[in-house]
Structure formats: structure tokens, C-alpha cells
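These protein sequence lines are chains F and B, in that order.
Following our numbering, the numbering of the first sequence begins with 1 at its first residue and continues without gaps.
Following our numbering, the numbering of the second sequence begins with 1001 at its first residue and continues without gaps.
There are 2 protein chains.
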Amino acid sequence: MGTKERRRRADGERSRRAILDEAARLATVEGLGGLSLARLANAVGMSKSGLFAHFGSKEELQLATIDSATATFEEQVLERAAGLGLERLRTLIDAFFRYVETDVFPGGCFFASALTELSMQPGPVRDRLVEFLDRWLGELEAAVRDAQAEGALDADEDPAQLAFEIEAALFFANAGFVVTRSPEAIERARRTIDRRLAAAASG
Amino acid sequence: MGTKERRRRADGERSRRAILDEAARLATVEGLGGLSLARLANAVGMSKSGLFAHFGSKEELQLATIDSATATFEEQVLERAAGLGLERLRTLIDAFFRYVETDVFPGGCFFASALTELSMQPGPVRDRLVEFLDRWLGELEAAVRDAQAEGALDADEDPAQLAFEIEAALFFANAGFVVTRSPEAIERARRTIDRRLAAAASG
């Protein structure tokens, strides 16, 4: 591969990621369902045919946008978590709140808004969003199990139940923050989770 | 007012409520933002101009739909609650779960989906949805305060915090039920709330 072709490929990749970043941001404001090639072309200043060359169809564009938002979530939340067990659980939660508060997406968590919007529209787009939610709940549940294994949380707690309770607080904190732009919902969710983890502490 | 005119008014009202019922149902599947006069005309088998005579604009239609969904929520949830204090709180919660499980709206709680969809779109439609959420949280909080006054819940609990925690469980149960159609999310939310209320019980 010559230098010229390498550069062209790198440009293509950069531009693809930049387009999809904008698509994900737009989706948290106007909805993933409203994300047409025409609307996105307008937002990124490209021709509709130029975008069509990248994505081919609205559904492909939506799937690529979910994958890009997943990569962002991995960078902003999963990769910021540190340690193992209870430490990992706490740092995952902190990273999620930071991801919401710092407006990584202008309309709050990409997945909360997209899944709520498309929950009644069967198909590969909805399926990929549900997959993400299952994976995220799985991350929380695995951290709970590890925290039990290390003896930091009571072995009698049901890990799936505890993961559900933590995610409920995160999910509603996101909704409240987007609506009010005040830190109150996030503070209340922190208090909810701190209290719950204290009750689940072993010994 | 003659019999004929009374009948015409009654027909007009009935038809208005039936149209708005359909509009609210449609909004939980396709979104309140996508609820155009044209789309609704198609769903209820009326002409667009006939609907225009009823509502005048998309925004008026959206506001009327929210008011109709509010009346439904009052009938299905608020008016089914019984008693005072802790009994009222528990029956409000039960009625909310029933409202979700029995598909009063096909896409789950109308307000959860509409508010998530329109949270980033300032204007009177969003404002009316936020008003509803504040009112609902206020209902939960008032029941907590009454439960404290009657001595059933600990006076040291912050009523707004407890209302937040209950609503977080309800909100995520609704999202989970819509996505999975399984009772699991609702069972988990029940367990979350039962446990929390047991911890908040006085004595």
C-alpha cells in the first residue's frame, strides 16, 4: 500500500468516525429514528450522495451510529473503570455519571434515549441496542459477583437484582439530568447507590 | 341547547377523545414528535382537513394528546390508589405496575417515552411533559410525607429522596418491560421498592 493510498484510507476512517460522532450527537437530540441521510448530510455539510457512498441505507447508518456510540461509551465509561470487584463497580458508576454530566452526548446517554425511542420498532437496530443494554447490565453484574468473591459484598445478595437497582438509579439520573440540567438527579442517584451498597456490604 | 345540538356536541367530544386515545397509543410506538396530522388521519381513518378542524396545528395536537394521556393516567393510576399514607403509596405503585403490564399504551408509560423523546426540544410540549413528571413525583412525595405523619415511615427519611428512588425503580421497570415483554423487570422493581420501604419503616 503506497503512502497516498494509506493517507486516503486514514482520511476515510477519520471522516467516517467524525460523521458518526455527529450522527450520535444528533440522535440524542432529534432521535435515532429521524436520522436520515439527508438530515445528517445537512449537519455535517456533505452531500447526501457522499454519505450514501459511506453508508448505503438509513438502517446501515443507524447501525454504524450505534457502533460508534458504543466505542465512545467504552472509552468514556468502561475504560475509565479501575481495579476489580467493588472498586471496579464504584468506578464504573462514577464514570457513568461523569459521562452524563460532561455532555459526551448533548441529550444524555445515547443508549437510554435510542432504546426508549425504538423499543417498539422491531428489527436489527433495536436488537443492537438491546444487546448493548444486556452487555452493560452484565458488566455491572460481573463487578458485583467479583465484589462478592473478594468478600466486599454479602454473598447472599442476588447479583442480577443489585445490578438492576444500580442501573435503575443511573437510568433515571440520566433522564432527570437531561430534563433539568441540574446536578440534583445525579446527587440523588449517588445517594441511592451509596446507601444500597452500604446495605449490601458484608459483615 | 336542543337535543340535536347536545347530541352533536357529545359526538364531537366522543370522537375527540377517541382520536386522542389513538394519538397517545401511536405516540408510544412511533413517537410524539412523529405524530403529524397526516399520520394520525391515516390511523383513525379521517381526512387530514377533518383533523385540522379539531386541532389546527401539530403542536395543538401534541398538547391535546398529552392532556388525554394525563386523563388516562389519572383514571388508571391515581384514581385506583386507595387509602392514605403508606397504603396510598403502595396502591399507587401497584396501580402503576398494572398500568404498564396491561398495555394501557402499547409502548409502555406514555410519559416515560414522550419525555425521553422530547427532553431536548424546548417548547410548550416538553414543558407540559415536565409538569406531569413533577406532579407525579409530587404525588409519591406527598404519600411518603403522609406515611411519616401517620408513623408508618421513619421521620428521618427525606421524602423527595424516597420518591426519587421509587420512581427510578418504576421508570426502569417500564423500560425493561417494554423491551423484554417479560414480567422480570417489574418483579425486580417490586423487590427494590419493598426492600426500600422495609428499610424506611419506623420502629
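Quick reminder that beta carbons are idealized off the backbone N, C-alpha and C, glycines included.
As the structure is a prediction and not an experimental result, all values here were calculated from the model.
| Query | Result |
| --- | --- |
| For Arg188 of chain F, go through chain B and note every residue whose CB falls closer than 7 angstroms to its CB, in chain order. | Gln1161, Phe1164 |
| Taking DSSP as the reference, what is the three-state secondary structure of Ala1201 of chain B? | strand |
| Classify Leu26 of chain F as helix, strand or coil using the three-state DSSP reduction. | helix |
| Could you check the C-alpha separation between Ser47 of chain F and Arg25 of chain F for me, to the nearest Å? | 19 angstroms |
| For Gln148 of chain F, which residues of its own chain have a beta-carbon under 6 angstroms away from its beta-carbon, when the five flanking residues on both sides are left out? | Ala155 |
| Any chance you could list the alpha helix (DSSP H) runs of at least 4 consecutive residues sitting entirely within the segment 60 to 141 of chain F, in chain order? | 85 to 101, 110 to 118 |
| Please compile the residues from chain B whose C-beta is within a distance smaller than 8 angstroms of the C-beta of Ala169 of chain F. | Glu1165, Ala1168 |
| Taking the alpha-carbon positions, what's the Ser1119 of chain B to Phe1171 of chain B distance? | 15 angstroms |
| Between the segment 99 to 133 of chain F and chain B, which residues of the former have a C-beta closer than 8 angstroms to a C-beta of the latter? | Pro106, Gly107, Gly108, Ala112, Ser113, Leu115, Thr116, Glu117, Ser119, Met120, Gln121, Val130, Leu133 |
| Could you tell me the boundaries of the alpha helix (DSSP H) in which Ser182 of chain F lies? | First-last for Ser182 of chain F: undefined, no H or E at that position. |
| For Phe1097 of chain B, which residues from the same chain have a beta carbon less than 8 angstroms from its beta carbon, with the 5 sequence-adjacent residues on both sides left out? | Leu1170, Ala1173, Ile1186, Ala1189, Arg1190 |
| Measuring only between beta-carbons, confirm whether Met1 of chain F sits less than 9 angstroms from chain B. | For Met1 of chain F, the predicted structure reports a pLDDT of 47, less than 50, and the residue's modelled location is therefore unreliable. The matter cannot be settled from this model. |
| Starting from Arg1191 of chain B, find everything on chain F with Cβ-Cβ shorter than 9 angstroms and list it in chain order. | Asp158, Gln161, Phe164, Glu165 |
| Is there a Cβ from chain F that is less than 9 angstroms from the Cβ of Val1029 of chain B? | yes |
| Thr1091 of chain B and Ala1081 of chain B: beta carbons closer than 9 angstroms? | yes |
| Given a cut-off of 9 angstroms, decide if Ser57 of chain F and Thr1116 of chain B are closer than it, judged by their beta-carbon atoms. | no |
| Which residue's Cα is closest to the Cα of Val178 of chain F: F:Arg135, F:Leu140, F:Cys109? | F:Cys109 |
| State whether the segment 131 to 149 of chain F contacts the segment 99 to 106 of chain F, with contact taken as three or more CB pairs (one from each stretch) at a distance under 8 angstroms. | no |
| Return the first residue and the last residue of the alpha helix (DSSP H) that Ala1155 of chain B is part of. | Segment: none, Ala1155 of chain B is in no alpha helix (DSSP H) and carries neither H nor E. |
| Quick one: using the 10 Å Cβ neighbour count with 16 as the cut-off for buried, is Met1 of chain F buried or exposed? | Its pLDDT being 47, under 50, Met1 of chain F is placed unreliably in this model, and the coordinates cannot settle the point. |
| Could you confirm whether any beta carbon from chain F is found closer than 9 angstroms to the beta carbon of Phe1097 of chain B? | no |
| Can you tell me the Cβ-Cβ gap for Pro1106 of chain B and Thr1028 of chain B, rounded? I've got them flagged as a contact below 8 angstroms. | 6 angstroms |
| Measure from the alpha carbon of Arg200 of chain F to the alpha carbon of each residue in F:Gly176, F:Thr180, F:Gln161, then state which is nearest. | In the sequence on display, residue 200 of chain F carries Ala and not Arg. Checking every option, the nearest Cα to that of Ala200 of chain F belongs to F:Gln161. |
| Counting only beta-carbon separations shorter than 9 angstroms, does Asp21 of chain F have a partner in chain B? | no |
| Given a threshold of 16 other Cβ atoms within 10 Å of its Cβ, counted over all protein chains shown, does Glu1157 of chain B qualify as buried or as exposed? | buried |
| How would you list, in chain order, the residues of chain F whose beta-carbon sits under 8 angstroms from the beta-carbon of Val1179 of chain B? | Leu115, Ser119, Val130, Leu133 |
| Name, please, each residue of chain B whose Cβ falls closer than 7 angstroms to the Cβ of Gly33 of chain F. | Gly1031 |
| Give the straight-line distance between the Cα atoms of Glu1074 of chain B and Leu133 of chain F, rounded to the nearest whole angstrom. | 31 angstroms |
| Quick check on DSSP: helix, strand or coil for Ser47 of chain F? | coil |
| Please go through the same chain and pick out, in chain order, the residues whose beta-carbon is closer than 8 angstroms to the beta-carbon of Gly50 of chain F, but skip the five residues on each side of it. | Ala41 |
| Please classify Ser1015 of chain B: does DSSP put it in a helix, a strand, or coil? | helix |
| Any beta-carbon of chain F closer than 9 angstroms to the one on Gly1083 of chain B? | no |
| Are the C-beta of Ala175 of chain F and some C-beta of chain B separated by less than 9 angstroms? | yes |
| Distance cutoff 9 angstroms, beta carbons only. Does Ser1015 of chain B sit that close to anything in chain F? | no |
| Which value, in whole angstroms, describes the spacing of the CA atoms of Ser1068 of chain B and Ala1023 of chain B? | 9 angstroms |
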